[in-house]
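All residue numbers in the sequence shown are consecutive under the numbering used here, ending with 1138. Positions of the beta carbon are idealized from the N, C-alpha and C atoms, including for glycine. Structure first, then comments.
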Amino acid sequence: MPEKLQPLSDDTYYAPYATTLRMSDLGYQNKVQSQLKICFNSLSNYVNTLRHAISSPWPDYEKMGVNVDGEWRQLNANILQIENEYYSDIRPKRVAKHNETPSQALEARGVEYIEVRCLDLNPFDPLGVTETQMRFVDTFLMWCLLSDSPWISDEECDRLDDNRRWVVERGRDPELELYNHGETTSVREWGEQIFIEMGEVARLLDAVEEGALTPMPWQALHQA
915 MPEKLQPLSD
925 DTYYAPYATT
935 LRMSDLGYQN
945 KVQSQLKICF
955 NSLSNYVNTL
965 RHAISSPWPD
975 YEKMGVNVDG
985 EWRQLNANIL
995 QIENEYYSDI
1005 RPKRVAKHNE
1015 TPSQALEARG
1025 VEYIEVRCLD
1035 LNPFDPLGVT
1045 ETQMRFVDTF
1055 LMWCLLSDSP
1065 WISDEECDRL
1075 DDNRRWVVER
1085 GRDPELELYN
1095 HGETTSVREW
1105 GEQIFIEMGE
1115 VARLLDAVEE
1125 GALTPMPWQA
1135 LHQA
């Protein structure tokens, strides 16, 4: 049993400060994929690094074999067998045409929408998400779009991966420290800073949606 888990009952284990273990190496992530350097600095860079992953063999997968005695064990022995196998927190997407791969669609016609994959369903709502939560996410994504997005080096990419892993496993720990541009910042302090900046975006969205019969983004921000 992984050291990060503690017993909750005879047949249940949990991590006291975890946020979403399905995004850890206990879920969709694995140590092989964690070594991928899928980059979001540009669309061409993202496409090229993704294609590299589906064409690069992995020793452990090669040992398993692909078609052994007429039995298919896997499609191939590469790090990713198909592009959709790459499970990230967020993915640029474009609806693909017939016989077109996701990367070909992106390369040919650009990003059509963003797929956010790190959000869990709300078990306390029959629909899995409340309108207030959707408006909060909408405000956050708008803040991301409007924020500066400097070039990410390979070293910083590694640090950001560390941040993601720490938040997944210990994100509810108020003492958690994260990498922040060469320094460390507590997750609480960083979150409060982001909330302040998101507040300006929420006020702009409120002004546009004034009179709507649904919770305003500014209200959603403070109810989150």
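Exclusion of the five residues before and after residue 974 leaves 946 as the residues of its chain whose Cβ lies within less than 8 Å of its Cβ. Shown here, residue 1031 sits in coil according to DSSP, grouped into three states, outside any helix or strand. Counting of Cβ neighbours within 10 angstroms places residue 1016 among the buried residues, the total reaching 16 or more. Cβ neighbours of residue 1054 within its own chain (closer than 7 Å, five residues either side excluded): 1112. Shown here for residue 1088: same chain residues with a beta carbon closer than 7 Å to its own, the five before and five after excluded, namely 1102 in chain order.
Comparing alpha carbon positions, the residue from 979, 1003, 1014 closest to residue 996 is 1014. Comparing C-alpha distances from residue 1115 to each of 1122, 1057, 1091 shows the shortest one belongs to 1057.
Going by DSSP, residue 975 is part of no beta strand (DSSP E) but of the alpha helix (DSSP H) stretching over 973-978. Taken in chain order, the whole beta strand (DSSP E) runs of length 3 or more contained in the stretch 987-1021 are 1004-1007. Between residue 993 and residue 1022, the C-beta spacing is not below 7 Å. Sequence-distant partners of residue 971 (beyond 5 residues in either direction) whose C-beta falls short of 6 Å from its own C-beta, in its chain, are 991, 992. In this chain, the beta strand (DSSP E) harbouring residue 920 covers 920-923. CA-CA distance, residue 954 to residue 960, rounds to 5 Å. When DSSP states are grouped into helix, strand and coil, residue 1045 belongs to the helix group. The residue among 935, 1092, 1068, 1033 with its C-alpha nearest the C-alpha of residue 1051 is 1033. The alpha-carbon of residue 1075 is positioned some 39 Å away from that of residue 984. Of the candidates 1061, 1065, 1093, the residue whose Cα lies closest to the Cα of residue 1108 is 1061. Here the alpha carbon of residue 956 sits roughly 43 Å from the alpha carbon of residue 921.
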